[in-house]
Amino acid sequence: MTSDTAPTSIGARPPALPAEPNAFVGRERDLADLRRLLSETRAVTLCGPGGIGKTRLAVRVARALAGDQPDGVWFIELADVGSGAVDLDPVARRVADVLGLADETGRAPADFLADALRRRRALVVLDNCEHLVEECASLCRTLLARCDRLRILATSREPLRVPGENVWRVPPLSFPAARDEPAGPARHEAVRLFMARATAARPDFALTPGNAPALAELCRALDGVPLALELAAARVRVLSLEQIADRLTDRFRLLTAGDRTAPPRQRTLRAAIDWSHELLDEPERILLRRLSVFAGWSLDQAEQVCADGLLPQEQILDLLTALVDKSLVVVDREVAGETRFRLLESIREYAVERLAEAGEEQALRGRHRAAVLELLEHHAELGVAHRPASWRRRVELYDRYDVEQHNVRVALAWSRERGDVEEGLRLCLAARLFWGPRGHYAEAAKWSDWFLERGGDADPRVLGPALVGRAQLAVERREFDVAETCARAGLEHCRAVGDARTVAAGLGVLVHVAMRAGEDDRALALAEESLSVARAQADPWNEGLAQFWRGVVLLRGAGCARPRPSSSPGPR
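The sequence shown begins at 436 in my numbering and counts up by one.
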């Protein structure tokens, strides 16, 4: 076969694109952007985790572009193609089979494919490349270099990494944010998809004001992943939306009623993730399961918590990059100059199971808590230290807390589960700086009270500050009896261990309580005592607070006839 005659030997008509078994929902913007991208470039890879909808999107894009491809659109399914010694070039061989090409000269399949396609203006869709990524990359590199009018659209859980490739991360379907009121289908793609599949399963199914909150929660819990939503929708035959949402705590048992005609990896949620997990090498599997302890993390945190003798710290960056490339880790956003990462919830729960199976749960959750506590205590020290942070720096600390608060909750829950009271008290004390400004008063009280109720035997160096912190919280919640009780108990412990800094803070609480009771003379005396203790410790934070309360008391008229001038104008 010569290069001049090869093109005529391709099948006269490409096989039809796969039929879509049901309505295609959403992705209008993705479709428009991908059509534009493929008109401007020659290679696009749709990347994303299993079940995100890569194949459906590729088919829809290919169908939309078919009129612009005089030599056709060729869809090549690779999921059932194996690799190994039997066929050294299985991808090229499958493409040749679909195109109806045969070569008797003994040349490599990629070579005679390139000759056959050299003059063709066509679109080749390579579907499910991830288990043959090296072979797909090799073929695409050859075809793109030698067939300048050919376009390639690939789907894969990781990029092919070939010259000219444009990687398109297929996003989840849009779903109601936690702060939104439950919305109708028109606003959110995930809701629209669920409704379409649910009504197909049960024609009388309807979205009502009563079940809309459950559907919004279900869409959030499933991260807007189409396969998971479709599997959940199949359950409306026998379960209410509220029951489905409640049972997502065991999602791998719930989401199993997939299409019998679908490939096995698409019939259950677990099978979809198993497919990706089996393609990882062992270090990648270790890191993935260890990352499940986080509710979002930075590279530094991954290195701190996940590295050990089995997984050296210097490997974490490359392994994390590989997990991002393979669509198992999501790059979230940048906060305070650091990139944040997260796992989709279904992948996180899968990895949690793997962590337990490996016998690493106790150790990794303990290391996670230690890292969270270290970070919180460092930030709390910056905020109220002997050299307090600037307001700009404090705002950055609050921003960092906003992304870490879920990790704080995970660490607190682990401490409660294990009965680790002192660690829980330390977490509460360190989080106190952030709970107040963020208005998380009820949450702060819940956690603090749980640990304080069990903290009678705790180290007084921990218990005393924790009680004073609870007293400060009680003032903000206008629980003045609780504030006085906790402040006096905390002061007793802090004085016993010589914690003068917390003594000054505790006295400040009692100033506030006394003023609320109209006992201005006692309030002034307590403010003077707090001021004296703070100055003795060169503690500008509590010195400034004591000066403030002293001034408030004097302005109210208490002691105006006998003012007590301070020995200095205020904190420096």
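Virtual Cβ for every residue (Gly too), placed ideally from N, Cα, C.
Looking at the DSSP output, Ile587 shares a beta bridge with Ala478, Val559. Between the region 792 to 802 and the region 707 to 717, the count of C-beta pairs closer than 8 Å stays below three; the two stretches do not touch.
Taking every protein chain shown into account, the CB of Ser850 has 16 or more other CB atoms within 10 angstroms, so this residue is buried. By the C-beta density criterion, Val944 is buried, having at least 16 other C-beta atoms within 10 angstroms. DSSP places Asp767 inside the beta strand (DSSP E), whose first and last residues are 765 to 770.
Within 10 angstroms of the beta-carbon of Arg627 lie 16 or more other beta-carbons, which makes it buried. Taking a cut-off of 8 Å for Cβ pairs, the region 581 to 599 and the region 476 to 483 touch, as three or more such pairs fall below it. Using a 10 angstroms sphere on the CB of Glu665, the tally of other CB atoms reaches 16 or more, which defines it as buried. Ile511 is bridged by DSSP to Leu561.
For Trp882, the enclosing alpha helix (DSSP H) begins and ends at 876 to 887.
Just measuring C-alpha positions, the residue of Pro611, Ala668, Leu990, Leu722 sitting nearest Asp955 is Leu990. When the five nearest sequence neighbours on each side are left out, the beta carbons in the same chain lying within less than 6 Å of the beta carbon of Arg889 are those of Val856, in order along the chain. The beta carbon of Ala791 sits closer than 7 Å to none of the beta carbons in its chain outside the five residues before and after it. Relative to the Cα of Pro453, the nearest Cα in the group Ile487, Asp465, Glu738, Asp562 belongs to Asp562. It is roughly 18 Å from the alpha-carbon of Ala786 to the alpha-carbon of Asp767. Residue pairing by DSSP places Trp732 opposite Phe776 in a beta bridge. Residue range 601 to 604 is occupied by the beta strand (DSSP E) that includes Val602.
Per the C-alpha coordinates, the member of Leu472, Glu839, Val759, Glu773 positioned closest to Gly599 is Leu472. Contact check for Leu763 against Leu723 passes: the beta carbons are separated by less than 7 Å. Between Phe510 and Ala501 a beta carbon distance of about 11 Å is seen, past the 8 Å cut, so the two are scored as non-contacting. Following the DSSP letters along the chain, one finds Asn977 inside the alpha helix (DSSP H) bounded by residues 975 to 990.
DSSP, read as helix, strand or coil, puts Glu911 in helix. Rounded to whole angstroms, the gap between the alpha carbons of Ala922 and Asp681 is 41 Å. In the three-state reduction of the DSSP assignment, Ile679 falls in the helix class.
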